[in-house]
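First the structure, in the form of structure tokens, and then the observations on it.
Protein chains in written order, with our numbering: chain A, 1 to 116; chain B, 1001 to 1110.
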């Protein structure tokens, strides 16, 4: 597609439920990032995928969070047993690569997750 | 590390004035820098970038200045307009990592 697409745009879930967020990166972009953004705050790195390399999971806050990516296409971020503290906007970004100018990342509109 | 748990600094300017948003980066090995603009309810959008072999780059109404000596990056917006109201993030990359600054909320007063 023309840009990074995320779905759903909004998700309200009950505490304790699992949620799955989807990201469709720009075609041809080998790098994909997930970030979390709490209300009024900055971007918190969660996980990074680059081609077929092992993902960088160093930002995942707990083992309730996991993410997968199929080749160089769609990625899903899964949050198990959601907590109210998980409420935030989850942003996905993709780029051509991870060196120099290739790191210019394009962001999706985000998924606003509300845990009630 | 990433900017986590920090409330954003704010900058308020009068419409028509010039704005300067500053960013201190952490890694002297970073060789590529990006400024993003995030409007309310939207994802960050690319504004302008600069490589470490430059100290200034200009776009439409925006200029990015890079001072590698003090690891400082700034974004200048000329003749600020109400549509410029947003949160601005800088990002630095060093060939294997990209880090975002805390962000600055710009408010333009009519």
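Built from N, CA and C at the ideal position, the CB exists for glycine as well.
Just so you know, these numbers come straight off a predicted model, no measurement behind them.
Asked: Of the residues that make up the segment 29-41 of chain A, which ones have a beta carbon closer than 7 Å to any beta carbon in chain B?; Found: 40, 41
Asked: I'd like the span of the beta strand (DSSP E) that includes residue 47/A, first residue to last.; Found: 44-50
Asked: Can you look up residue 86/A in the DSSP assignment and give me helix, strand or coil?; Found: helix
Asked: Out of 1101/B, 1018/B, 1012/B, 1094/B, state which residue places its alpha-carbon closest to the alpha-carbon of residue 1063/B.; Found: 1018/B
Asked: Note down, in chain order, all residues in the segment 76-87 of chain A with a beta-carbon under 9 Å from any beta-carbon belonging to chain B.; Found: none
Asked: Measure from the C-beta of residue 1034/B to each C-beta in chain A and report whether the shortest distance is under 8 Å.; Found: yes
Asked: Does any CB atom of chain B fall closer than 8 Å to the CB of residue 67/A?; Found: no
Asked: Pick out whichever of 75/A, 31/A, 91/A has its Cα sitting closest to the Cα of residue 1097/B.; Found: 31/A
Asked: Which of helix, strand or coil does DSSP assign to residue 1054/B?; Found: coil
Asked: State buried or exposed for residue 1092/B, treating a residue as buried only when at least 16 other CB atoms are found within 10 Å of its CB.; Found: buried
Asked: Pairing CB atoms from the segment 1015-1033 of chain B with CB atoms from the segment 77-89 of chain A, are three or more of them under 8 Å?; Found: no
Asked: Examine the Cβ distances between the segment 12-20 of chain A and the segment 35-42 of chain A and report whether three or more of them are shorter than 8 Å.; Found: no
Asked: Contact check, residue 1105/B vs residue 1008/B under 8 Å by CB: the rounded distance?; Found: 5 Å
Asked: Kindly list the residues whose CB is nearer than 6 Å to the CB of residue 7/A, restricted to its own chain and excluding five residues on each side of it in sequence; keep chain order.; Found: 22
Asked: So that I know if they touch, is there some Cβ in chain A lying closer than 8 Å to that of residue 1103/B?; Found: yes
Asked: Drop a sphere of 10 angstroms on the beta-carbon of residue 1010/B, count the other beta-carbons inside from all chains shown, and report buried for 16 or more, exposed for fewer.; Found: exposed
Asked: What would DSSP say about residue 102/A, mapped onto helix, strand or coil?; Found: helix
Asked: What is the DSSP secondary structure of residue 56/A, counted as helix, strand or coil?; Found: strand
Asked: Per DSSP, which one or two residues make a beta bridge with residue 6/A?; Found: 23/A
Asked: Does residue 1001/B come out as helix, strand or coil in the three-state DSSP assignment?; Found: Because the pLDDT of residue 1001/B is 36, which lies under 50, any placement of that residue in the model is unreliable, and the number read from its coordinates should be weighed accordingly. In the structure shown, residue 1001/B sits in coil (DSSP, three-state: anything other than H, G, I, E or B).
Asked: Residues of chain B with CB closer than 8 Å to the CB of residue 108/A, please, in chain order.; Found: 1043
Asked: In chain A, what lies closer than 9 Å to residue 1008/B by C-beta?; Found: 40, 41, 42
Asked: Going by alpha carbons, who is nearest to residue 1082/B out of 1036/B, 1049/B, 1108/B?; Found: 1108/B
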